[in-house]
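Protein chains in written order, with this note's numbering: chain H, 94 to 511; chain C, 94 to 511.
Every residue, glycine too, gets a C-beta built ideally from N, C-alpha and C.
The structure appears right after this line, and notes come after that.
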């Protein structure tokens, strides 16, 4: 069978299954999630064997150490999948919830009911545990899913898919509610993102290159996460100890995450007081600083920043540092050079805090808190399918609600339009 | 200058203006709207002269009577534009509103702030009053706009644009916040929908053909309204008088609107009691019925429906009628043949009402009310830029809120991630 026919059939089955999943009640969805957890627990050997095959192929193909690490399904990661499924089962069911039922002068009563999106296509790279995570979030939010993992994880993903199907069947739900693409042909992705009749939205998870390619070619909406060029701005009226703590945490808590600070902006009024002390801390932690001219005047031993540094997501122990004239200049820099992800001001000034919150055009805007908090779990969403850098539909950390829509419900007693 | 350069410059100016409009306070936006109303009131002669030129060109080009009617700016329609601007000024400002500020265990406090989308491109056909309507809604919701009207209305649109610029200037807002494309070159549309760096969302208003073309070619999100194939299902436990009133109102209140019923579904248990009486009413009102086989058995004088009838938006005094075995069959028919726009059940049965609301996958689902209520004004949105048949971002009638997004705001006291 050719790939196009295969994907079309997958799409048709997903569309049919989506109608059944949409009306499944909370108890049934939770039963399926619990049964998936049990199936994974009972299949540890099969999962390990499948993963060993992927790891061997990966080593033969010369995958680098970081990729092999992401590919590995250790016993701890299998525990993590099981725990994750149980946590998703424990989350409140968003589907069917009705808000804002109000009467109108015509006598009709109108409100909004939360509903699934329909069919969600997920495209991801090496980590096989994403298969389980994404399937569970889509199921809980009443959606059918088509999952396309990396070719290097194909055996692991198929083994996880078997456990997922077992769980769906145990709860009396259609197995086609979660389908894992069985071919590694790249054409499968091209077809998946171009079937609006069967797929309602695509969530790509992976590097910026993958996501840009998918966004450009997709014929369906894409909930996308591009880069995280996050800023901390230390205002003239910052509390010094908060500023030091947050600047260090936002850069050094983890280097490879999208909510890590990549550029530090410091108000010129406090630069001389704060930067040398901060530079000592960074030096001890092995962070390379790249400064603007005014920064270099205070820290003569660091490297000079080039124009590119202001637009770079390092994902590494490197930090660009710029001294700015005032908050307006800081906001202008952030809105121009940032990636509209997460940006923070450190200040004790009420009016500046309020203006910064309003004027910075990012999915998370913070006052006196580390950018590292931008995360679905820290925000209380209970789960996270990703962080959206879009403005349309879902913005910032995306939990179950981002995988849903709303419809209007209208209750009447026979009203007609006059 | 070539069209691509012209549109790029329009986009750059809109992007710059959008940052100023986003932070404009409510009083300033309302002042601009009031000044636009005054400018239109003071420019009645210029508007009439520009419109007369478009009307003459239209007649010379042989536009049909319906198009010429839509193109005409009568004194009443000019009054309507002025009144519309004042109504939009009176609506609550959605921008900057914060909801759900809650504390998290880490001590940070998190909520969501409503923000503009940025730059909105509107593409529409002959009605020049849309220029005013769309500009006012985008301005009130803090967005910059690029408007591309039909070439047949170019003089009217430019005359309205002059009044809009006058209003913006009077309030101290940038004139580039609302730009009306000055070329009638079709390439301008192609460029407008393919500049994600300058345009955040496209709202096309017009026929299905236009909207499908734009959706296919767009490289930015599109809030689209395709067709309205709306159903009324008369359940076995319907109140007969409500059923008759709603079935007549939903079809005959207006024929050309998207929320008009196009297919009537009747439960077989009540078809013999209801259909003949209803058919008499429709006959008196000049509505042509096209029935399924069971309908024909009860109404032998009407035409037979063909397979195409179940998928047709007539926008005319024609109604497809089908007798169904039960509610499940009705829901199946609606989800398969409808356009997910607006569908209603007439029933006194609580459990069936509840199931219909949950299971019908449409932007508006109604119990015992006419589909004609699906409208931004009837729903209390205060205004309507269109009705979305999408599930992503905005669904159903789209008012000011549909032109906005939300960002997370995080307030802390120096918290760092542990």
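What does the alpha-carbon distance come out to for the pair residue i and residue j?
i: residue 463 of chain C; j: residue 203 of chain H; result: 13 Å
i: residue 497 of chain C; j: residue 237 of chain C; result: 12 Å
i: residue 322 of chain H; j: residue 481 of chain H; result: 14 Å
i: residue 149 of chain C; j: residue 164 of chain C; result: 11 Å
i: residue 129 of chain C; j: residue 241 of chain C; result: 19 Å
i: residue 432 of chain C; j: residue 494 of chain H; result: 24 Å
i: residue 440 of chain H; j: residue 338 of chain H; result: 13 Å
i: residue 191 of chain H; j: residue 96 of chain H; result: 41 Å
i: residue 281 of chain C; j: residue 344 of chain H; result: 44 Å
i: residue 121 of chain H; j: residue 268 of chain H; result: 14 Å
i: residue 484 of chain C; j: residue 292 of chain H; result: 12 Å
i: residue 274 of chain C; j: residue 317 of chain C; result: 21 Å
i: residue 400 of chain C; j: residue 109 of chain H; result: 21 Å
i: residue 404 of chain C; j: residue 319 of chain C; result: 13 Å
i: residue 447 of chain H; j: residue 166 of chain H; result: 46 Å
i: residue 271 of chain H; j: residue 402 of chain C; result: 35 Å
i: residue 474 of chain H; j: residue 277 of chain H; result: 33 Å
i: residue 301 of chain C; j: residue 142 of chain H; result: 53 Å
i: residue 179 of chain C; j: residue 235 of chain H; result: 43 Å
Using alpha carbons as the reference points, say which of the options lies closest to residue i.
i: residue 417 of chain C; options: C:139, C:374 and C:368; result: C:368
i: residue 510 of chain H; options: C:115, C:472, C:275 and C:365; result: C:472
i: residue 350 of chain H; options: H:484, H:434 and H:206; result: H:434
i: residue 107 of chain C; options: C:266, C:260 and C:167; result: C:266
i: residue 144 of chain H; options: H:251, H:343, H:187 and H:342; result: H:251
i: residue 289 of chain H; options: H:214, H:247, H:264 and H:235; result: H:214
i: residue 208 of chain H; options: H:506, H:505 and H:500; result: H:500
i: residue 123 of chain H; options: H:452, H:360, H:261 and H:402; result: H:261
i: residue 388 of chain H; options: H:375, H:361 and H:403; result: H:361
i: residue 487 of chain C; options: C:456, C:346, C:135 and C:103; result: C:456
i: residue 355 of chain C; options: C:178, C:326, C:104 and C:370; result: C:326
i: residue 382 of chain H; options: H:239, H:371 and H:412; result: H:412
i: residue 505 of chain H; options: C:390, C:301 and C:336; result: C:336
i: residue 299 of chain H; options: H:479, H:116, H:461 and H:94; result: H:479
Take residue i and list the residues in its own chain whose beta-carbon comes closer than 6 Å to its own, dropping the five residues that flank it on each side.
i: residue 428 of chain C; result: 454
i: residue 111 of chain C; result: 211, 212 and 237
i: residue 410 of chain C; result: 348, 379 and 380
i: residue 161 of chain C; result: 151
i: residue 118 of chain H; result: none
i: residue 408 of chain H; result: 349
Per DSSP, what are the beta-bridge partners of residue i in this structure?
i: residue 508 of chain C; result: H:462
i: residue 360 of chain H; result: H:417
i: residue 351 of chain H; result: Looking at the DSSP assignment, residue 351 of chain H forms no beta bridge with any residue, so it has no partner.
i: residue 206 of chain H; result: H:191 and H:500
i: residue 324 of chain C; result: C:356 and C:436
i: residue 196 of chain H; result: H:202
i: residue 272 of chain C; result: C:239
i: residue 295 of chain H; result: H:214 and H:315
i: residue 382 of chain C; result: C:412
i: residue 489 of chain C; result: C:481
i: residue 396 of chain C; result: C:383
i: residue 457 of chain H; result: H:435 and C:501
Can you list, in chain order, the residues of its chain whose CB lies under 8 Å from that of residue i, leaving out five sequence neighbours each side?
i: residue 87 of chain C; result: The displayed coordinates of chain C run from 94 to 511. Any statement about residue 87 of chain C would go beyond what the structure contains.
i: residue 445 of chain H; result: 328, 330, 420 and 438
i: residue 503 of chain H; result: 201, 202 and 203
i: residue 333 of chain C; result: 363, 366 and 367
Residues in its own chain within less than 7 Å of residue i by CB, not counting five upstream and five downstream?
i: residue 174 of chain C; result: 133, 222 and 225
i: residue 171 of chain C; result: 133, 137 and 140
i: residue 181 of chain C; result: 126, 229, 230, 233 and 476
i: residue 384 of chain C; result: 392, 395, 397, 398 and 414
i: residue 424 of chain C; result: 449, 452 and 453
i: residue 105 of chain C; result: 291
I believe residue i touches residue j by the beta-carbon criterion, under 8 Å. Please report the beta-carbon distance rounded to the nearest angstrom.
i: residue 245 of chain H; j: residue 155 of chain H; result: Not really, about 11 Å apart at Cβ, beyond 8 Å.
i: residue 232 of chain C; j: residue 114 of chain C; result: 7 Å
i: residue 147 of chain H; j: residue 308 of chain H; result: Actually they are not in contact, since the Cβ atoms of residue 147 of chain H and residue 308 of chain H sit about 28 Å apart, beyond 8 Å.
i: residue 508 of chain C; j: residue 219 of chain C; result: With 8 Å as the limit, residue 508 of chain C and residue 219 of chain C do not qualify as a contact, their Cβ atoms being about 56 Å apart.
i: residue 313 of chain C; j: residue 297 of chain C; result: Contact doesn't hold; Cβ gap of about 12 Å is too wide.
i: residue 239 of chain H; j: residue 103 of chain H; result: 6 Å
i: residue 430 of chain C; j: residue 358 of chain C; result: That pair is no contact at about 10 Å.
i: residue 205 of chain C; j: residue 186 of chain C; result: With 8 Å as the limit, residue 205 of chain C and residue 186 of chain C do not qualify as a contact, their Cβ atoms being about 16 Å apart.
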